[in-house]
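Heads up, the thing below is written out as structure tokens.
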């Protein structure tokens, strides 16, 4: 198991909520998953190159020290790709506060502080 914190998001209903400088998760529509790459057998869609890459990436994830605040290491999914983030699974965020994966791309890009190139793509869509 990764040292990146306790197991957090498991299942497809976990969604992230970004409020200011904090990320948390709640039950919802998805978009937040545990930062763990699975080890699978060779197949037509998971070849030897992907097996090696997955193992190397997982080694890097496993080497990340646990978060001193107790947050979980997670992958936040967007229409642009995934962002590795520390996520708190103990907070409750009011429905009228925060940015969620169901919001528009520009709002998500701004909340996640995505680099300028990606943020510009979000505004154009």
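Residue numbers (our numbering): 142 to 266. Heads up, the beta-carbon is just placed ideally off N, CA and C, and yes, glycines get one too. Note that the structure is a prediction, hence the values are computed from the model and not measured.
With 16 other Cβ atoms within 10 Å as the buried cut-off, status of residue i
{"i": "residue 177", "result": "buried"}
{"i": "residue 245", "result": "exposed"}
{"i": "residue 172", "result": "buried"}
{"i": "residue 210", "result": "exposed"}
Cβ separation of residue i and residue j, assumed to be a contact under 8 Å, to the nearest whole Å
{"i": "residue 238", "j": "residue 160", "result": "6 Å"}
{"i": "residue 156", "j": "residue 236", "result": "That belief does not hold up - the Cβ atoms of residue 156 and residue 236 are roughly 12 Å apart, past 8 Å."}
{"i": "residue 228", "j": "residue 215", "result": "4 Å"}
Range of the contiguous beta strand (DSSP E) that encloses residue i
{"i": "residue 163", "result": "163-168"}
Bridge partners - residue i, DSSP secondary structure assignment
{"i": "residue 175", "result": "215"}
{"i": "residue 156", "result": "167"}
Span of the alpha helix (DSSP H), counted from its first residue to its last, around residue i
{"i": "residue 246", "result": "246-252"}
Worksheet item: Can you list, in chain order, the stretches of the beta strand (DSSP E) that have 3 or more residues and sit fully within the segment 195-240?
Response: Listed in chain order, the complete beta strand (DSSP E) runs (minimum 3 residues) inside the segment 195-240 are 213-219 and 222-228.
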